[in-house]
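Accompanying notes for the structure given below.
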Amino acid sequence: MRRNSTVHQEMFGHYQSWQQSGLSQIGFCTLHGITFHKFNYWVRKFHSGDSKGKAPSGGFLSVAIKEPSSDCKVEIIRVDGTRIQFHGAVDAGFIKSLLD
5 MRRNSTVHQE MFGHYQSWQQ SGLSQIGFCT LHGITFHKFN YWVRKFHSGD SKGKAPSGGF
65 LSVAIKEPSS DCKVEIIRVD GTRIQFHGAV DAGFIKSLLD
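Numbering of the sequence shown is given in this note's numbering, commencing with residue 5 and proceeding in unit increments.
Below, the structure written as structure tokens:
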């Protein structure tokens, strides 16, 4: 029982660090030497107890806008870690078609 508590605390620490990092799960796991599947299991577990981590009924999550670190105008990071970057103006309908 004690080991489970230690693992839970360790993974919750990683979970909090990941949320503040702005990295994708894959990027965070690579940086910290954590197996993606193990980390994703814990992320889902922590999200299930956290109402702000759940998608509303419309299927969208709120996002925080950060200062750009490059000349990239729009960047979409998919759940699988794939990044799509646009360096110019992009029509919202085109972005929606990529995500459907």
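We put the beta carbon where it would ideally sit given N, CA and C, even for glycine.
Reduced DSSP secondary structure (H/G/I, E/B, other) of residue i
i     : result
Val11 : helix
Arg2  : In the structure displayed, the chain extends from 5 to 104; residue 2 sits before or after that span and is not available.
Ile81 : strand
Gln69 : Checking the displayed sequence, the identity of residue 69 turns out to be Ile instead of Gln. Ile69: coil per DSSP, three-state reduction.
Ile99 : helix
Ile38 : coil
Ser21 : helix
Gly31 : helix
CA-to-CA distance, residue j to residue i, given in whole angstroms
i     : j      : result
Val78 : Arg87  : 10 Å
Ser52 : Ser28  : 19 Å
Ser2  : Gly85  : With the chain covering only 5 through 104, there is no way to say anything about residue 2.
Val11 : Ile80  : 32 Å
Val47 : Ala68  : 19 Å
Gln89 : Tyr19  : 26 Å
Phe16 : Arg82  : 22 Å
Val94 : Ser101 : 12 Å
Gln13 : Gly97  : 42 Å
Test: residue i CB closer than 9 Å to a CB of chain D
i     : result
Thr34 : The structure shown contains no chain D, having only a single protein chain.
Cross-strand partners of residue i (DSSP beta bridge)
i     : result
Gln89 : Glu79
Would you be able to state if there are at least three C-beta pairs under 8 Å between the segment 5-14 and the segment 32-42? With a cut-off of 8 Å, the segment 5-14 and the segment 32-42 do not count as touching, because too few Cβ pairs lie within range.
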